[in-house]
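Q: Dropping the structure in here first, questions after.
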Amino acid sequence: MLCPSICKKGAGKMKYKIAVIPGDGIGPEIVSEAIKVLEKAGEKFGFQLEYTKLLMGGASIDVHGVPLTDDTIAAAKASDAVLMGSIGGDAKTSPWYKLEPSKRPEAGLLKIRKSLNLFANLRPAYLYEELKEACPLRDDIIGGGFDMMIMRELTGGLYFGERRTTLENGIRKAVDTLTYDENEIRRIAKRGFDIARKRRKKVTSVDKANVLDSSRLWRAVVEEVAKEYPDVELNHMLVDNCAMQLVRDPGQFDVILTENMFGDILSDEASMVTGSIGMLSSASLNETKFGLYEPSHGSAPDIAGTDKANPIATILSAAMMLRFSLDLDEAADAVEKAVKQVLREGYRTADIMSAGCVQVGCRQMGDLIAERI
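In terms of the working numbering, the sequence shown opens at residue 41 and continues consecutively.
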């Protein structure tokens, strides 16, 4: 592991250690473009990144027989941040999905989140002016656009609760347990309010308190935390209503704070409201500045190796890494501005292509963004 920050910021350039998990499908392609952009940012703003390549998901299964090894976890912990591509393959054709669930690619995602204590998932959903045509909503609904941050609790709830499948009187029965304690809720709520303070000072806490005990506890704890942030507006919304409001009036949201499964669903819905999931970055943070950064989209195995993938979500995830884990805000701003400039100039990958624009591949999009930093 790198020595303390005094060493990183001593003579010469600042140096940081980044664990890189290219992953599966288009993962290696989009990660390569993100690294290309990071290297250009490093040249411009005077920092160096040392990369350690790690295997996870299907790529790890092929080599080690499991989606995530203890050595990979240790190497990730020894880094300043983790940059990841996409994990998984085609569930219908890949041999990975003939394995028991605990040995499939996505099991590695759950394990690394838990092992690194990545409890706070940040998923921004922002509508670029240049991509309004790709948004499926009417112009009168879009209005002046939208800019929201979905804060999803990532290490509790249904995905990590006790589960079992049994046979009772000849009938198959499955049980998944949704469990949260007040400390798990409080820490994600604090992170959500902290981020809202730096944005438009509004938190919408999403639950199902009219039905679930876990949601009633969620609401109670969030209200307790809100008392520590008198300058931040809090309102509650049931998850079914929130799903409707995202397509009815997305501009009303600033920070959406919610539990694991609700956040999983709502963040994917928000991604499609932007016009393309290929544009959405994400960060998963623990209680320090350490985080794992990845695009919100999947591995798209059908276009892997064809240079058709959109690398922008991964590039924007790298910008989040610069901002949240490395405190390189100026460099992060430059990357985000470069993305906007390329879009303003009319360059598009196939998934966001529209009339009058110039279609480019994954590698060229990475080149164009790097050139504009």
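From the three backbone atoms N, C-alpha and C, an ideal C-beta is built for every residue, glycine too.
Could you check which residue in 283, 228, 391, 278 has the C-alpha nearest to that of residue 402?
A: Nearest option by C-alpha distance: 391.
Q: Counting only the same chain and skipping the five closest in sequence on each side, list residues whose C-beta sits under 7 Å from that of residue 71.
A: 60, 62, 123, 125, 354
Q: Across the segment 308-325 and the segment 153-164, are there enough close Cβ pairs to call them in contact, namely three or more that are closer than 8 Å?
A: yes
Q: How do the segment 286-305 and the segment 176-188 stand: do at least 3 beta-carbon pairs fall below 8 Å, yes or no?
A: yes
Q: So, is residue 411 buried or exposed, given that buried needs 16 or more other C-beta atoms within 10 angstroms?
A: Note on residue 411: under 16 other CB atoms within 10 angstroms of its CB, so exposed under the neighbour-count rule.
Q: Suppose the cutoff is 6 Å on Cβ atoms and the five residues either side in sequence are ignored; what does the same chain contact list for residue 22 look like?
A: The structure shown does not extend to residue 22, since the chain is modelled only from 41 to 413, so the question has no answer here.
Q: Measuring CB to CB, does residue 296 end up less than 9 Å from residue 188?
A: yes
Q: Assign residue 273 to one of three DSSP states: helix, strand, or coil.
A: In the structure shown, residue 273 sits in a strand (DSSP, three-state: E or B).
Q: Quick one, which of 293, 127, 352, 201 has its alpha-carbon nearest residue 378's?
A: 352
Q: For the putative contact between residue 336 and residue 317, defined by C-beta atoms under 8 Å, what is the C-beta separation to the nearest angstrom?
A: 6 Å
Q: Applying the 10 Å Cβ sphere with the 16-neighbour rule, what's the burial state of residue 193?
A: buried
Q: For residue 225, is the classification buried or exposed, using 16 other Cβ atoms within 10 angstroms of its Cβ as the cut-off for buried?
A: buried
Q: Use the C-beta contact count for residue 211: other C-beta atoms within 10 angstroms, 16 or more gives buried, fewer gives exposed.
A: exposed
Q: If I'm right that residue 247 touches residue 278 with Cβ under 8 Å, what's the distance once you round it to whole angstroms?
A: 7 Å
Q: Please give me, in chain order, every unbroken run of the alpha helix (DSSP H) with length at least 4 that falls completely inside the segment 58-140.
A: 67-85, 98-104, 110-117
Q: Here's the rule: buried if 16 or more other CB atoms are within 10 angstroms of the residue's CB, otherwise exposed. What is residue 386?
A: exposed
Q: What do you get for residue 372, buried or exposed, if any count of 16 or more other CB atoms within 10 angstroms of its CB means buried?
A: Label assigned to residue 372: buried.
Q: Can you tell me whether residue 295 is helix, strand or coil according to DSSP?
A: strand
Q: Hey, how far is the Cα of residue 170 from the Cα of residue 383?
A: The alpha-carbon separation between residue 170 and residue 383 amounts to approximately 6 Å.
Q: Could you please give the first and the last residue of the uninterrupted beta strand (DSSP E) stretch that includes residue 239?
A: No beta strand (DSSP E) contains residue 239, which DSSP labels as neither H nor E.
Q: Note down the Cα distance separating residue 99 from residue 149, rounded to an integer number of angstroms.
A: 13 Å
Q: Under three-state DSSP, which class holds residue 395?
A: coil
Q: If you compare alpha carbons, which of 298, 205, 137, 133 is closest to residue 342?
A: 133
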